[in-house]
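Below is one structure, written out as structure tokens; the observations come after it.
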Amino acid sequence: MSTMSFFSLPISMEYCESLPVQALVHIVKAQNHLETDFHYLEENGILVNGSEVEQADWLEKITATKAPKKLLISLLTQRAVLVAKKKEQPDASQQNKSTPQSSLSTTTESTHQQEHVTNGK
1 MSTMSFFSLP ISMEYCESLP VQALVHIVKA QNHLETDFHY LEENGILVNG SEVEQADWLE
61 KITATKAPKK LLISLLTQRA VLVAKKKEQP DASQQNKSTP QSSLSTTTES THQQEHVTNG
121 K
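Residue numbers (full-length UniProt numbering): 1 to 121.
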């Protein structure tokens, strides 16, 4: 069973496939309230960040197609991957920030210990 996260909650693909098209459209629109990005898919399936109007036009257009559910699930899946990548990036920068501080404190401690040994002689 494959899962993806929306709103930081894991949702199975099977569950998404069981939802009606309008529920999937609602999920897409609900995510817009949590983010400032309005995504839609180009004809080749690539995720595009556009305006709210562009996304609304895309949603209207795809709900009239034969396979809107497949396209909506693809959009939600790609957005979930994008959000996960964004969440990983701050973690990496936090680790990079903590590393110099810890090495700085180690350097300061060893310098202090060396001074203490030198002054003790």
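We put the beta carbon where it would ideally sit given N, CA and C, even for glycine.
Between residue i and the rest of its own chain, which residues show a CB-CB distance below 8 Å, the 5 nearest in sequence each way excluded?
i	result
glutamine 114	Only weak support is given to the placement of glutamine 114: the predicted model assigns it a pLDDT of 49, under 50, and the value that follows is read from those uncertain coordinates. Excluding sequence neighbours, glutamine 114 sits near nothing in its chain.
lysine 66	none
serine 51	Phe38
isoleucine 73	Met13, Cys16, Glu17, Leu24
Are the CB atoms of residue i and residue j nearer to each other than 9 Å?
i	j	result
histidine 39	glutamine 89	no
Whole-angstrom Cβ separation of residue i and residue j, contact assumed at under 8 Å?
i	j	result
leucine 24	leucine 82	Not really, about 17 Å apart at Cβ, beyond 8 Å.
Between which two residues does the alpha helix (DSSP H) carrying residue i extend?
i	result
asparagine 44	That residue, asparagine 44, is in no alpha helix (DSSP H); it is neither H nor E in DSSP.
leucine 59	52 to 63
lysine 29	21 to 32
Go through its chain and collect everything with a Cβ distance to residue i's Cβ below 6 Å, but skip five positions before and after it.
i	result
lysine 69	Val21
Answer yes if the segment 35 to 45 comes into contact with the segment 15 to 27, meaning at least three C-beta pairs across the two stretches below 8 Å, and no otherwise.
-> no
Between the segment 25 to 39 and the segment 58 to 75, are three or more C-beta pairs nearer than 8 Å?
-> yes
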